[in-house]
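First residue of the sequence shown? That's 1 in full-length UniProt numbering, and the numbers climb one at a time after it.
Backbone N, C-alpha and C fix where the C-beta goes; we use that ideal spot for every residue, glycine too.
Predicted model only: the values in this text are computed from it and were never measured.
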Amino acid sequence: MPLKNYGVLKGRAINRKLGEGPSPHYQVLVTDEKQKHRIAINVKSKQSPSELLYFVDENFSHPITKELQELDFGFNELVRKPGGLALDYIRGNLFDQKQMKPLPYNVPGPDNDLNELLELYIARAIASPDAILYPFGEKWGPEQDIKDKYFGFLPGNGIHDIHMNQGNAAQFQKDNGVWQDGGLLIHYPTRNQWVGIFLAFQSQAFHTDDTTGNRIDTDDVVTPIAVTSAVRIIAALVNPTGDDADQETVTLINTSPDKVDLSGWALADRAKKKQSISGIINAGEALKVPLRKDGIELSNNGGIITLLDDKGIKIDGVAYTKQDTQKQGWTVVF
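Here's what the structure looks like:
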């Protein structure tokens, strides 16, 4: 069954401890100005290979950032569906999963393991008075009569599962679900910078069922690493001059040396509303897809665009913000 009490904590980091022991987690002490919380970040997998996959975006840009700023400090439970604040590494177009790389948790020498990577960003956040943390995952506690075993506050409570929470196999399949992935965002309001830290296990699959989050293993799908697709979304006209519904477009390109038949393919928006597409893209050519009035909706306040093949598998996905759409008639390039 999916995670319990999934949500995001909004607070400020005030202390931390490196991950160590048989099941190491990097521990962060966070305050929401009323109570303390501990966030436990996995730095080593219990399944082989033990090195976690990671990706850090130091200029994270996504429509959820505006809504996160409007949240109250403390834990905010999230609805697990598209169009909201819940994270989904596959469906939310947060980042390109192919950029994730494995990293061991503890290696002799400076700046070469996951403990040290997290230390870099958390120490920076602790030293910055305006830095706000947004860890996503499963809440535990409050444990009324139990002090936190790392930082000693009472009652003990916090957030864990701050990593991808779908595509698991074997004993961890019970944790699978869609729109319940973990992650850590750090916001520096003074300079309007967002840092996104995303973690996954190498044993997880990046193609999962849209309902259960269970891994999809078929002859034509490569797991656990997402396949490299020939067709990409390269641009979108989100805020055209005149009637939006008649002029919005999404532009695709075929990067392969072979033509690609788009029969049965579709585009999807942030709410997962779909518009079917068709046609042939010749090698190296681009195709501009006009959006219908009854098709997907590209909001000028920010959104995502996803490309699905004829089996419903995500081929590519992009995100844009309100700031990207301010110039009317200009095309957003991804």
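Compute the distance between the beta-carbons of residue i and residue j, then report whether it is under 9 Å.
| i | j | result |
| --- | --- | --- |
| Asp148 | Leu154 | yes |
| Asn157 | Gly182 | no |
| Asn168 | Gln144 | no |
| Ala266 | Ile305 | no |
| Pro63 | Ala319 | yes |
| Trp179 | Gly92 | yes |
| Pro22 | Gln202 | no |
| Leu85 | Leu71 | yes |
Identify which residue in the options has its Cα closest to the Cα of residue i.
| i | options | result |
| --- | --- | --- |
| Ala230 | Val260, Asp310, Gly21 | Val260 |
| Gln275 | Val28, Val43, His187, Val250 | Val250 |
| Pro142 | His37, Val289, Ile281 | His37 |
| residue 353 | Ser256, Arg16, Leu298, Ile296 | The structure shown does not extend to residue 353, since the chain is modelled only from 1 to 334, so the question has no answer here. |
| Ile313 | Ile90, Phe55, Ile41 | Ile90 |
| Gly152 | Asn5, Lys17, Glu297, Tyr54 | Lys17 |
| Lys98 | Leu199, Ala286, Ala268 | Leu199 |
| Leu117 | Lys311, Trp140, Gln173, Gly196 | Gly196 |
| Leu3 | Leu71, Glu138, Ile296 | Glu138 |
| Gln27 | Thr212, Gly109, Pro135, Ser50 | Pro135 |
| Phe334 | Gln328, Gly317, His207, Lys327 | Gly317 |
| Asn59 | His163, Thr321, Asp309, Val332 | Thr321 |
| Asp88 | Asn192, Ile159, His163 | His163 |
| Trp140 | Asp294, Tyr6, Val289 | Tyr6 |
| His187 | Ala125, Gln326, Glu248, Ala283 | Ala125 |
If I'm right that residue i touches residue j with Cβ under 8 Å, what's the distance once you round it to whole angstroms?
| i | j | result |
| --- | --- | --- |
| Gly74 | Asp32 | 4 Å |
| Leu307 | Ile233 | 6 Å |
| Asn254 | Asn300 | Contact flag wrong, Cβ pair sits at about 29 Å. |
| Leu120 | Leu184 | Not really, about 13 Å apart at Cβ, beyond 8 Å. |
| Gly264 | Asn115 | About 46 Å; that fails the 8 Å criterion. |
| Leu52 | Asn42 | 7 Å |
| Gly177 | Arg270 | Actually they do not touch by this definition, with Cβ atoms about 19 Å apart. |
| Tyr54 | Met100 | 6 Å |
Per DSSP, which one or two residues make a beta bridge with residue i?
| i | result |
| --- | --- |
| Asn115 | In DSSP, Asn115 forms no bridge with anything. |
| Ile315 | Answer is none; Ile315 lacks a bridge partner. |
| Tyr150 | Looking at the DSSP assignment, Tyr150 forms no beta bridge with any residue, so it has no partner. |
Tell me whether residue i sits in a helix, a strand or coil according to DSSP, three-state version.
| i | result |
| --- | --- |
| Thr31 | strand |
| Ile126 | helix |
| Gly183 | strand |
| Thr223 | Unreliable placement is indicated for Thr223, whose pLDDT of 38 sits below 50; no coordinate value is reported for it. |
| Lys174 | helix |
| Thr321 | strand |
| Ile304 | strand |
| Arg191 | helix |
| Ile64 | helix |
| Lys4 | coil |
| Arg16 | strand |
| Gln328 | coil |
| Lys46 | coil |
| Tyr54 | strand |
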